[in-house]
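J.: The opening residue of the sequence shown carries number 778 in the working numbering; numbering runs sequentially from there.
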Amino acid sequence: MKEFHPGRPSPGYVAHVTEAREARLAHNESVFRTVNESINGIAIALGGDQPYEFICECSTSDCFERLVLTLAEYEHVRADGAYFLLAAGHEDIEVELVVETHDAYVIVEKDGVAGLAAHDADPRA
Ligand SMILES: [Zn+2]
778 MKEFHPGRPS
788 PGYVAHVTEA
798 REARLAHNES
808 VFRTVNESIN
818 GIAIALGGDQ
828 PYEFICECST
838 SDCFERLVLT
848 LAEYEHVRAD
858 GAYFLLAAGH
868 EDIEVELVVE
878 THDAYVIVEK
888 DGVAGLAAHD
898 ADPRA
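1. Between the alpha carbons of N817 and D869, how many angstroms are there, rounded?
2. Could you pull the DSSP bridge partners for R843 from this structure?
3. Is it buried or exposed, G824, if we count other Cβ atoms within 10 angstroms and call 16 or more buried?
4. Under three-state DSSP, which class holds T837?
5. To the nearest angstrom, report how far apart E852 and R901 are at their CA atoms.
6. T878 to A898, Cα distance in whole Å?
7. Any heavy atom of ligand 1 inside 8 Å of the beta-carbon of T837?
8. Can you grab the Cα-Cα spacing for the pair P828 / V845, in whole Å?
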């Protein structure tokens, strides 16, 4: 294995890191959606109509842009499993279709294979 060098714990360690990195790149948006679902769950438990901070679900792995939405607004995004919540300007028009534009955020729909993957990873499916 080309990646293996003496001093590394094992070839399996290298494979694991590579796998994790690819998974992060491929499923970053779904990961942040899962985080947002947790925020949503907490918000529902606390009750009330005040806005909560959700996280941008764009494909940039180091983006932690906060987006302030009410629960109703967030539920609207989650109504379709292919829709994602992004900070305005974070959309990738090559793989995403902007379906709604708001002041601070946009709602995008995943195209093609990315859309199917998004459906597969839908935490509510
Ligand atoms: Zn972003």
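C-beta atoms are modelled at their ideal positions from N, C-alpha and C, and glycine is treated no differently.
T.: So, to answer that:
1. 25 Å
2. I832
3. exposed
4. coil
5. 12 Å
6. 24 Å
7. yes
8. 6 Å
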